[in-house]
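Chains as they are written, first to last, in the numbering used here: chain B, -11 to 428; chain H, -17 to 427.
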């Protein structure tokens, strides 16, 4: 949980830095709201039992609820984030971080704006978050649905095969081109020449120079859709350079992300593993964030079919939790599960009243303090409690100290002790724990 | 298209004919015949597309939280969590559903209000009804004998929602519990201390905490002559609010209304928190029936949300839904590049900044955006200022402007970059102190 809080803190801080509002939606939606939005994946939706009322299903993602929210409130623009759990009756592979209940962290910008500015900000946000989390080097692959569709068209893929060829091409980050080609030709009935033409394109990746190159490509430049996509990507790269993140972005023609509702730019962030040998390219070890533009979704909810263009991103936090947990374990870093600053302890018996009074004073002053729920605890046990919980300070009440009007303040790690006057104790604790002097 | 329009007209006319016949109380056969014609016509028309749109709504008894409601919710949770942390509580989370058998037999009559999931071939599941039973299951499952934890999450009850009175089917619970074998009444006292700290910090008015003990109640009923079998019934009559049976000590905090006349006792206007000791629950989950004594409290946050929202409306306080500190704006056209560069530098320095997603926005529109969103500062880029190497920093409320040298900001890169930018924004913020965003005034934190 402590890991989770830290990760969310970094993410939310970034969303807020970019001026996003936050919303929340119910954990279940009317079944009809989710119907027809997820294609084949619809069989993975959790339904609620028909108990005589409305038919309900647990939300499968945060994007469809967002589109429903926009249409329901007739909103034409909003910049919002939403962090919540979603539910999928998947085959869980929990060792690989695949759960049936898991968090999604979405950020979306909805509205009619000048091209590619919000899209560029989404990529900037993705890079800021992944850098701040310090989970290693990463790369953001970028492509465009229109370029993919245009490319398939000029290679000779029939319309009906588009989606299925898309999902084959998408596997290129995990398997070799040979395997992908075999799947397309052997299983999906694609002509080998067509597959080869596709191969010439999808194995390419690079920066804005690749965009320029493709704009000059004799076949691709004949395709209107592809031209639109390439034009937008060129503009996007200009903005990304101004944002200082162009070195993290790769235009990758094999990126063909799953969900049907993307209509324009699509992107996916992968963590890089340091290559075994110098000169080798770093390998992607798994996606940690993804997103794209989806201009048609809200229109599916609006009674008049009014469109609200949207672009957004989703951070794969569950994977990030595992990575951070592993890192902490490797470093053998102790993770504190509380924020307690001082334990109020007693050195002798019959001092419970004094402890209760003192701990109450500390709480009222906004200091995070605890005491053991024992009338006459041994000092050693109280010190041990501090060590286990990582509490840095102990305020020890003793009979002699009471007479002298002082409290003994002890550092748990260094074991140094100092007598502090009762009236100065609050200030002294705040000074040592770096807390501002006003009430927190 | 014209065919369809003609058909629709025919349907309309036939419909009117049928209605007319019914009004005239014509013979049943005649009506049936005409209705038959109507249905045939409708069938030709095909599905009525305009009626195919489904109802755009959230499920009954649930609601979305708009940004404004989220701002209130965040602040309330912030006060509550701060207090729990101050008392050294850890935090846990559990799944939204439990195995149906985990929840069975724990809620008495209320069991019929549990949401079940459809049997889709796997385990039988139900949505959690509260956070206490999952907590007891967590303790028994992990063989824990002591923990001090808080848990804030939504729970689900197929109640008859009275949303105007804040009764929902999906709602938040804020639980704090101390489990373990300790010397008597110390953790119980801390729970009450926490309840009082939270209700004071929220500044929602005077409150009173009523305390009683199940053993005193039972003893009292006994000596008054209530038969054992009637104990629970009499109890629920006596107890208007709590549905869960706490075994030993029960307490509740009620908000007080200032009495109309001096000398009158303040009236309770509704419970905002409750809790008590429940030593037998964990034992119901433990295979050996091992008991883990527990005492805890639950804050009724939904009621508190409404109270705070009402108070803000009454005070007509503007609620900010973002924390943006500065909008990066341009005074003339063709300055998008400069805006993108500057806003990026501000983000990299940790400053909360925005820009309009327009290539050539009008300055007036940019200023208006700030006013609506409550953004206190604008950093204006202009052609002349660019030549002079400055940025014009403007306070949205006071409208004062000052030129800040871009040169200085650039050399800041050699020093502590973040600190410099933070300092630059904070300095001007202090210059115009009325620009602090809403957050803390209404909630007194």
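The beta-carbon is built from N, C-alpha and C at its ideal position, and this holds for glycine as well.
Min CB distance residue i to chain B below 8 Å
| i | result |
| --- | --- |
| residue 87 (chain H) | no |
| residue 83 (chain H) | no |
| residue 164 (chain H) | yes |
| residue 38 (chain H) | yes |
| residue 273 (chain H) | no |
| residue 111 (chain H) | no |
| residue 290 (chain H) | no |
| residue 187 (chain H) | no |
| residue 190 (chain H) | no |
Any chain H beta carbon closer than 8 Å to residue i
| i | result |
| --- | --- |
| residue 187 (chain B) | no |
| residue 336 (chain B) | no |
| residue 224 (chain B) | no |
| residue 239 (chain B) | no |
| residue 39 (chain B) | yes |
| residue 102 (chain B) | yes |
| residue 105 (chain B) | yes |
| residue 56 (chain B) | yes |
| residue 59 (chain B) | yes |
| residue 498 (chain B) | Because chain B spans -11 through 428 in this model, residue 498 (chain B) falls outside it and cannot be assessed. |
| residue 77 (chain B) | yes |
| residue 351 (chain B) | yes |
| residue 358 (chain B) | yes |
| residue -11 (chain B) | yes |
| residue 232 (chain B) | yes |
Exposure label - residue i; buried when at least 16 CB within 10 Å
| i | result |
| --- | --- |
| residue 150 (chain B) | exposed |
| residue 166 (chain H) | exposed |
| residue 6 (chain B) | buried |
| residue 307 (chain H) | buried |
| residue 225 (chain H) | Any answer about residue 225 (chain H) is weak, because its pLDDT of 43 lies below 50 and its placement is not dependable; what the coordinates show is given next. Result: exposed. |
| residue 384 (chain B) | buried |
| residue 379 (chain H) | exposed |
| residue 306 (chain B) | buried |
| residue 334 (chain H) | buried |
| residue 59 (chain B) | buried |
| residue 409 (chain B) | exposed |
| residue 55 (chain B) | buried |
Simplified DSSP state of residue i, which is helix, strand or coil
| i | result |
| --- | --- |
| residue 254 (chain B) | strand |
| residue 10 (chain H) | helix |
| residue 220 (chain B) | helix |
| residue 37 (chain H) | coil |
| residue 309 (chain B) | helix |
| residue 224 (chain H) | Note on residue 224 (chain H): pLDDT 44, under 50, position unreliable in the model; the coordinate value appears next. Correct three-state label for residue 224 (chain H): coil. |
| residue 227 (chain B) | helix |
| residue 380 (chain H) | coil |
| residue 196 (chain B) | helix |
| residue 102 (chain H) | coil |
| residue 393 (chain H) | Unreliable placement is indicated for residue 393 (chain H), whose pLDDT of 41 sits below 50; the coordinate value is still reported in the next sentence. Helix at residue 393 (chain H). |
| residue 154 (chain H) | strand |
| residue 195 (chain H) | strand |
| residue 163 (chain B) | coil |
| residue 158 (chain B) | helix |
Neighbour flag for residue i against chain C, beta carbons, 8 Å
| i | result |
| --- | --- |
| residue 169 (chain H) | Absent from the structure is chain C; the protein chains it does hold are B and H. |
Got a sec: which bits of the region 4 to 20 of chain B sit with their beta carbon under 9 Å from any beta carbon on chain H, in order along the chain? 4, 5, 6, 7, 8, 9, 10, 11, 12, 13, 14, 15, 16, 17, 18, 20
Mind listing which residues of the region 115 to 131 of chain B have their C-beta closer than 7 Å to chain H's C-betas, in chain order? 116
Does the region 210 to 226 of chain B come within contact of the region 133 to 141 of chain B, defined as at least 3 CB pairs closer than 8 Å? yes
Please determine if the region 134 to 144 of chain H and the region 167 to 184 of chain H are in contact, where contact requires at least 3 C-beta pairs separated by less than 8 Å. Flag = no, the region 134 to 144 of chain H and the region 167 to 184 of chain H do not touch.
May I ask you to verify whether the region 347 to 355 of chain B touches the region 159 to 171 of chain H, counting CB pairs closer than 8 Å and requiring at least 3? The region 347 to 355 of chain B vs the region 159 to 171 of chain H: no contact.
Taking three-plus beta-carbon pairs below 8 Å as touching, is the region 337 to 347 of chain H in contact with the region 73 to 90 of chain H? no
Residues, ordered as in the chain, of the region 336 to 366 of chain H that lie near chain B by beta-carbon distance below 7 Å: Hits within the stretch, in order: 336, 339, 340, 341.
Tell me which residues of the region 52 to 73 of chain H have at least one Cβ-Cβ distance to chain B shorter than 9 Å, keeping chain order. 52, 53, 55, 56, 64, 65, 67, 68, 69, 70, 71, 72, 73
Scan the region 301 to 331 of chain B for residues whose Cβ lies nearer than 8 Å to a Cβ of chain H and list them as they occur along the chain. 325, 326, 327, 328
Compile a chain-ordered list of the residues in the region 92 to 111 of chain H whose CB is closer than 7 Å to at least one CB of chain B. 97, 98, 99, 100, 102
Three or more C-beta pairs closer than 8 Å, one from the region 323 to 336 of chain H and one from the region 293 to 303 of chain H: is that the case here? The region 323 to 336 of chain H vs the region 293 to 303 of chain H: no contact.
Please confirm if the region 55 to 62 of chain H is in contact with the region 54 to 73 of chain B, defined as three or more CB-CB distances below 8 Å between the two stretches. no
Examine the Cβ distances between the region 341 to 357 of chain H and the region 368 to 387 of chain H and report whether three or more of them are shorter than 8 Å. yes
Using Cβ-Cβ distances below 8 Å, what residues of the region 281 to 314 of chain H are close to chain B? 303, 304, 305, 306
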